[in-house]
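So the protein sequences, as listed, match chains U and B. Heads up: the first sequence runs through residues 1 to 417, numbered per UniProt numbering. Heads up: the second sequence runs through residues 1 to 417, numbered per UniProt numbering. The beta-carbon is built from N, C-alpha and C at its ideal position, and this holds for glycine as well.
Protein chains: 2
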Amino acid sequence: MNVQAYMAQVGRQAREASRAVAAATTGDKNRALLAVADALQASRAELMAANAEDLQQGRENGLDAALLDRLEITPASFEGMLEGLRQVAALPDPCGAITDMSYRPSGIQVGKMRVPLGVVGIIYESRPNVTIDAASLCLKSGNATILRGGSEAFRSNQAIARCIARGLAEAGLPETAVQIIETTDRAAVGELITMPEFVDVIVPRGGKGLIERISRDARVPVIKHLDGICHVYIDDKADLEKAFEIAINAKTHRYGVCNAMETLLVHAGVAEAILPRLAVAYGEKGVELRGCERTRAIIAAAVATEEDWATEYLAPVLSIRVVEDMAQAMDHIARYSSGHTESIVTEDYTRARRFLAQVDSSSVMVNASTRFADGFEYGLGAEIGISTDKIHARGPVGLEGLTSQKYVVFGDGHIRT
Amino acid sequence: MNVQAYMAQVGRQAREASRAVAAATTGDKNRALLAVADALQASRAELMAANAEDLQQGRENGLDAALLDRLEITPASFEGMLEGLRQVAALPDPCGAITDMSYRPSGIQVGKMRVPLGVVGIIYESRPNVTIDAASLCLKSGNATILRGGSEAFRSNQAIARCIARGLAEAGLPETAVQIIETTDRAAVGELITMPEFVDVIVPRGGKGLIERISRDARVPVIKHLDGICHVYIDDKADLEKAFEIAINAKTHRYGVCNAMETLLVHAGVAEAILPRLAVAYGEKGVELRGCERTRAIIAAAVATEEDWATEYLAPVLSIRVVEDMAQAMDHIARYSSGHTESIVTEDYTRARRFLAQVDSSSVMVNASTRFADGFEYGLGAEIGISTDKIHARGPVGLEGLTSQKYVVFGDGHIRT
Chain U
1 MNVQAYMAQV GRQAREASRA VAAATTGDKN RALLAVADAL QASRAELMAA NAEDLQQGRE
61 NGLDAALLDR LEITPASFEG MLEGLRQVAA LPDPCGAITD MSYRPSGIQV GKMRVPLGVV
121 GIIYESRPNV TIDAASLCLK SGNATILRGG SEAFRSNQAI ARCIARGLAE AGLPETAVQI
181 IETTDRAAVG ELITMPEFVD VIVPRGGKGL IERISRDARV PVIKHLDGIC HVYIDDKADL
241 EKAFEIAINA KTHRYGVCNA METLLVHAGV AEAILPRLAV AYGEKGVELR GCERTRAIIA
301 AAVATEEDWA TEYLAPVLSI RVVEDMAQAM DHIARYSSGH TESIVTEDYT RARRFLAQVD
361 SSSVMVNAST RFADGFEYGL GAEIGISTDK IHARGPVGLE GLTSQKYVVF GDGHIRT
Chain B
1 MNVQAYMAQV GRQAREASRA VAAATTGDKN RALLAVADAL QASRAELMAA NAEDLQQGRE
61 NGLDAALLDR LEITPASFEG MLEGLRQVAA LPDPCGAITD MSYRPSGIQV GKMRVPLGVV
121 GIIYESRPNV TIDAASLCLK SGNATILRGG SEAFRSNQAI ARCIARGLAE AGLPETAVQI
181 IETTDRAAVG ELITMPEFVD VIVPRGGKGL IERISRDARV PVIKHLDGIC HVYIDDKADL
241 EKAFEIAINA KTHRYGVCNA METLLVHAGV AEAILPRLAV AYGEKGVELR GCERTRAIIA
301 AAVATEEDWA TEYLAPVLSI RVVEDMAQAM DHIARYSSGH TESIVTEDYT RARRFLAQVD
361 SSSVMVNAST RFADGFEYGL GAEIGISTDK IHARGPVGLE GLTSQKYVVF GDGHIRT
C-alpha cells in the first residue's frame with residue numbers, strides 16, 4: 001500500500017472511531033486511561049528495550065546530545081507518563097456540558113453543548129512521552145487521535161502504541177481511537193495535514209521550522225505556537241521589590257521555555273533605580289545583557305539591535321529597553337511581541353486596567369512572572385500546547401481547547417412562522 | 001500602485017486601526033454606529049443614484065434577474081440597514097467580559113477576558129446591505145474590517161463606504177477601521193486571504209464555489225459555511241401532529257435557505273401512518289418527492305439516488321428515507337449531513353438525549369423545526385454567517401464569534417518557584 005492509501009485508511013478509521021469515542025461515557029474513557037497505565041507498567045521492560053534500540057540507532061546516526069536526551073525514557077519520565085494518565089483520568093470531562101440555556105420569544109429553549117472536535121492529528125518530534133500526553137488528553141476530550149512522532153523515536157512510539165491499544169480494548173473502545181502512524185515516510189505528514197474529510201485539527205509540537213512548514217501547507221486548521229517573545233514592563237509606579245523579583249524570575253527560572261521573558265521594558269523614571277541592581281543579579285546568573293542607548297548609559301550592556309527585539313533567545317540573554325511611558329512600552333509590545341505573554345509591574349490601578357485590556361497577547365499579567373503562563377499553573381490540569389493563534393483557543397490549550405460547542409434546541413413541536 | 005502594494009497598505013492600515021477599535025469604549029462604538037445610520041439617511045439620494053448606476057450597468061452586462069434582485073437597494077432594504085445599525089448599537093458589548101476568575105494554589109488569580117480577533121476580512125457577493133451588516137458587527141465586536149464586495153455592487157458599496165467613514169470620524173475612530181477595497185481587480189482577494197500578518201480571520205459570504213475557492217487558497221483562518229444538508233428524523237415515539245407540522249415547516253417555510261430540511265428520515269414503525277398525509281401536503285405546496293424503495297412502497301415518489309442524499313436542493317425538492325431505527329437514522333446523518341442542523345421528533349426521553357449528544361452538527365434539535373437555526377432566533381441579535389466548521393465557532397456566528405478569549409493573571413509580585 002502506498003503512503004497516500006495508507007493515510008486515507010488511517011483517516012477513515014479515525015473518523016469512524018471518533019463517533020465511538022464521542023459517545024463513550026466519562027467512565028469508559030477513564031477506565032481506558034487507567035488501563036493504558038497498567039499496560040505500560042506491565043510492558044515496562046519491553047518499552048525500555050525499544051527505547052534503548054532507538055537510542056542506539058540515534059547514536060549511530062550521530063544525533064546530538066540534546067536530541068538523545070529528549071529521546072530517552074528515564075525512570076522519572078516513565079513514572080511521569082503513568083502519573084499523567086492518572087491525572088487526566090481524574091480531570092473533569094468537558095464533554096456534554098450544557099451552558100447558557102434560555103427561552104426565546106418563539107418558545108424554543110436554546111443553549112450550547114460542549115462536544116469533541118472529532119479527529120485530532122498530532123505531529124511531534126523526539127520525545128516519546130508526548131505520545132502518552134497527547135493521546136490521553138485527546139481521548140479524555142472525546143476525540144480520536146492520529147499521532148505522528150519523530151522517526152528517531154519510532155520503536156519507542158510503537159511500543160507505547162501497543163499499550164494504548166490494549167488499554168482501549170479493555171475499556172471496550174475501538175483500538176483505532178488512537179492510531180500511531182506506522183511509517184517513517186515523510187510524505188505521511190503531507191497527507192495528514194491535507195485530509196479535511198478525516199482530520200478536524202492539527203496540533204504540531206516541535207521547533208519553529210516544523211510548525212511554519214505545517215501551517216503553510218495544511219488544509220486543516222492548525223492550533224499552533226510559534227515564538228514566545230515575552231515582555232515584562234516595569235512601570236514608574238511599580239513596587240521595585242516586586243519588579244526586581246519578577247524580572248529575575250521571568251528570565252532566569254528557566255531559559256529554554258516559551259514563557260521566559262526575552263525583553264525587559266523599563267520606565268525611564270525608575271531605570272536608574274532598578275537597572276544597576278538587576279544588572280548585578282543577572283551578572284551573577286550569567287545572563288548576557290543587550291540594551292538600548294539609554295540602558296547602556298546606566299549599566300554595562302552590549303548594543304541591542306533591531307533583530308534583538310524580535311528574537312526569542314531561549315537562552316541566558318536579555319534585551320533591555322528604557323521607555324518614556326507605558327504607551328511606548330505598549331507600542332513596543334504591539335510591534336515585537338509574538339502574542340504569547342506580557343506582564344506589567346505597577347501599583348497604578350488605571351494603568352494596570354489599561355495594560356490588561358489593550359495588550360493583545362494570549363496571557364496578560366499584572367505583577368506576576370511570565371513563567372506562570374502554563375496549563376498546570378492555570379488549573380487546566382495538563383496542556384497539549386500553548387496557542388499563539390487568535391481564533392479558537394489562545395494560551396495554554398487543555399481539554400477544553402480540544403472541544404467546541406454546538407447549539408442545542410428544545411422545542412415542543414415548535415415551527416417558525 | 002499595483003494590487004499587491006495596495007492590499008499590503010490596506011492591511012497595514014487595518015492592523016494599525018485595530019488597536020484603536022479594540023481600545024474604543026462601548027459608547028464610542030455605539031456612537032459611531034448611530035452616526036453611520038445618520039450619514040446613510042443624509043446621503044440617501046446619493047446612495048440610491050449609485051445603486052441605480054450599478055443596476056443599469058448590471059442590466060447592460062446581462063446579469064440575471066436573481067442577481068439584479070440581490071443588487072437592488074429597495075426602500076425596505078434601505079430601512080433594514082438603518083434598523084440593523086440601531087440594533088447592533090443596542091446589543092451588549094462582548095469585549096472585556098472577564099469570566100472564570102479564580103485563585104490558584106500559587107496565589108495568582110487567573111481568568112479569561114473576551115477580546116476582539118483583530119482584523120476581519122469579509123468577502124461577499126452582490127448584496128450591498130452586507131457591507132453595513134458586516135461592518136457594524138465587526139465594529140461592535142472591536143475589530144477592524146476589510147470588506148471586499150462584488151464588482152457588480154461597486155458604486156453602491158463605495159457610496160456606503162463614504163457614510164461609514166463619516167460615522168467613524170464623528171465618533172473619533174480612525175476611518176481605516178472599516179475599509180472597502182477600492183479595486184475590482186480579482187487579484188485583491190488572493191492578496192487578502194494570504195496576509196496573516198495583517199488579517200486574523202476571513203468570513204466569506206456567498207455561493208459554495210466562492211467559499212471552496214477561498215478555503216483552498218487561504219493562509220488565514222476562514223470561518224465558513226458550505227452546505228446546509230439538514231435532516232429531520234421522525235421517530236416511532238414521535239407525536240405525529242408535531243412531526244407533521246415540523247416536517248412541513250422545515251421544508252416549505254422557505255426553500256432557498258441553508259436551514260431548510262433537505263432529507264426526511266422516518267422510522268419504519270410510523271412511515272405508513274405519516275407519509276401519506278405528508279405526501280398530500282407536500283403535493284399541495286408543489287414539493288417534488290424522491291424516496292428510497294420503502295418510501296416508494298407507501299407514497300408516490302421518484303427514486304432517490306445516492307446523489308440525492310448528498311445534495312442541498314435549496315428548492316422545493318425533498319428526499320425521504322424510511323429507516324429501521326434511530327441508529328440507522330444517525331448513521332445516515334453521520335454519512336450525508338453537512339453538519340449544519342438536524343432535528344429529532346420524539347417523545348422518548350432516552351432517545352432525545354442520545355440524539356442530542358451524539359449527532360455532530362452545529363445545531364441539534366428536539367421537536368423543533370430546523371428553520372430555527374438562525375442568529376436572530378437564537379438571540380445573538382444578528383449574525384455574520386453560520387459556521388459549519390468545528391473549531392472556533394459553530395452554528396450562527398454573532399458578536400461573540402468575532403471575538404476570542406485571552407488569559408488574564410493578577411498577582412501581587414508572584415514568582416514561580
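Just curious, the alpha helix (DSSP H) that M7 (chain U) is in, first and last residue?
-> V3 to A23 is the extent of the alpha helix (DSSP H) around M7 (chain U).
CB V345 (chain U) to CB L356 (chain U), shorter than 8 Å?
-> The answer is no: Cβ separation not under 8 Å.
Within 7 Å of chain B by C-beta, residues of the region 388–408 of chain U in sequence order = K390, I391, H392, R394, G395, S404, Q405, K406, Y407 and V408
Tell me whether S338 (chain B) is buried or exposed, calling it buried when 16 or more other Cβ atoms sit within 10 Å of its Cβ.
-> buried
Confirm, please, whether the CB-CB distance from V317 (chain U) to V280 (chain U) is below 8 Å.
-> In this structure, V317 (chain U) does not lie closer than 8 Å to V280 (chain U) by Cβ.
How would you list, in chain order, the residues of chain B whose beta-carbon sits under 8 Å from the beta-carbon of F410 (chain U)?
-> M365, V366, N367 and A368
Check whether C138 (chain B) and R114 (chain B) have beta carbons under 8 Å apart | no
Leaving out the 5 sequence neighbours to the left and right, which residues in its chain are closer than 7 Å to N175 (chain B) when beta-carbon positions are compared?
-> Rather than Asn, the amino acid found at residue 175 (chain B) in this sequence is Glu. Excluding residues within five positions, the ones whose Cβ falls inside 7 Å are A165, L168 and A169.
How far does the beta strand (DSSP E) with F410 (chain B) in it reach, from first residue to last?
-> For F410 (chain B), the enclosing beta strand (DSSP E) has its first and last residue at T403 to H414.
Rounded separation between residue 468 (chain U) and T252 (chain U) - CA only | The displayed coordinates of chain U run from 1 to 417. Any statement about residue 468 (chain U) would go beyond what the structure contains.
Determine the chain B residues that contact V201 (chain U) at a beta-carbon separation under 9 Å, and present them in chain order.
-> Close partners of V201 (chain U) in chain B (Cβ separation under 9 Å): K390 and I391.
So which residues on chain U does K242 (chain B) lean against when the C-beta distance must stay under 8 Å?
-> Residues of chain U with a Cβ closer than 8 Å to the Cβ of K242 (chain B) are, in chain order, D412 and G413.
A171 (chain B): buried (16+ other C-beta within 10 angstroms of its C-beta) or exposed?
-> Counting Cβ neighbours within 10 Å, A171 (chain B) comes out buried, since at least 16 surround it.
Can you tell me whether D331 (chain B) is buried or exposed, with buried defined as 16 or more other CB within 10 angstroms of its CB?
-> The residue is exposed, with fewer than 16 neighbouring Cβ atoms inside 10 Å.
Using three-state DSSP, classify I112 (chain U) as helix, strand or coil.
-> The question names Ile, but residue 112 (chain U) in the sequence shown is Lys. Under the three-state reduction of DSSP, K112 (chain U) is assigned to strand.
Show which residues of chain U have a CB atom less than 8 Å away from the CB atom of G362 (chain B).
-> According to the sequence provided, residue 362 (chain B) is Ser. The question's Gly does not apply to it. Here the neighbours are K406 and Y407.
Would you say Q9 (chain U) reaches chain B, if we count a Cβ-Cβ gap shorter than 8 Å as a contact?
-> Interface with chain B (8 Å Cβ-Cβ cutoff): Q9 (chain U) is excluded.
CB contact flag (I181 (chain U), V201 (chain U), <8 Å) = no
In terms of residues, what are the limits of the alpha helix (DSSP H) holding A144 (chain B)?
-> Run containing A144 (chain B): none in the alpha helix (DSSP H); it sits in the beta strand (DSSP E), A144 to R148.
Identify the continuous alpha helix (DSSP H) that holds A382 (chain U) and give its terminal residues.
-> Here A382 (chain U) belongs to no alpha helix (DSSP H), and DSSP marks it neither H nor E.
My understanding is that N129 (chain U) touches M81 (chain U), with C-beta atoms under 8 Å, so please give their C-beta distance in whole angstroms.
-> 5 Å
Can you give me the start and stop residues for the alpha helix (DSSP H) that N51 (chain B) sits inside?
-> R44 to E60
Please confirm whether E383 (chain B) and G398 (chain B) have their CB atoms less than 8 Å apart.
-> At the C-beta level, E383 (chain B) and G398 (chain B) come within 8 Å of one another.
Option nearest E306 (chain U) by Cα separation, candidates U:Q179, U:R148 and U:T263 | U:T263
Since T99 (chain B) sits in a beta bridge, which residues does DSSP pair it with?
-> B:K112
Contact list for N249 (chain B) against chain U, beta-carbon separation under 7 Å = Per Cβ cutoff of 7 Å: I415 and R416.
What first and last residue would you give for the alpha helix (DSSP H) that runs through M330 (chain U)?
-> For M330 (chain U), the enclosing alpha helix (DSSP H) has its first and last residue at M326 to Y336.
G395 (chain B) to G209 (chain B), Cα distance in whole Å?
-> Put simply, the backbone Cα of G395 (chain B) is about 20 Å away from that of G209 (chain B).
Anticipated Cβ contact below 8 Å, R416 (chain B) with S369 (chain U), distance rounded = Right, their Cβ atoms sit about 5 Å apart.
Any 3 or more C-beta pairs closer than 8 Å across the region 177–193 of chain B and the region 5–16 of chain B | yes
Measure the alpha-carbon distance for R19 (chain U) versus D360 (chain B) and round it to whole angstroms.
-> 9 Å
Can you give me, in chain order, the residues of the region 95–120 of chain U that have a beta carbon less than 8 Å from any beta carbon in chain B?
-> Against chain B - using a Cβ distance shorter than 8 Å - the residues of the region 95–120 of chain U are G96, S102, R104, S106, I108, V110, M113, V115, L117 and G118.
Starting from the beta carbon of D239 (chain B), find every residue of chain U whose beta carbon is closer than 8 Å, and list them in chain order.
-> G413
Alpha-carbon to alpha-carbon, G269 (chain B) and E324 (chain B) | 8 Å
Can you check whether the CB of H231 (chain B) is closer than 8 Å to the CB of I333 (chain B)?
-> yes
What residues of chain B sit near H253 (chain U), judged by a beta carbon separation below 9 Å?
-> I415, R416 and T417
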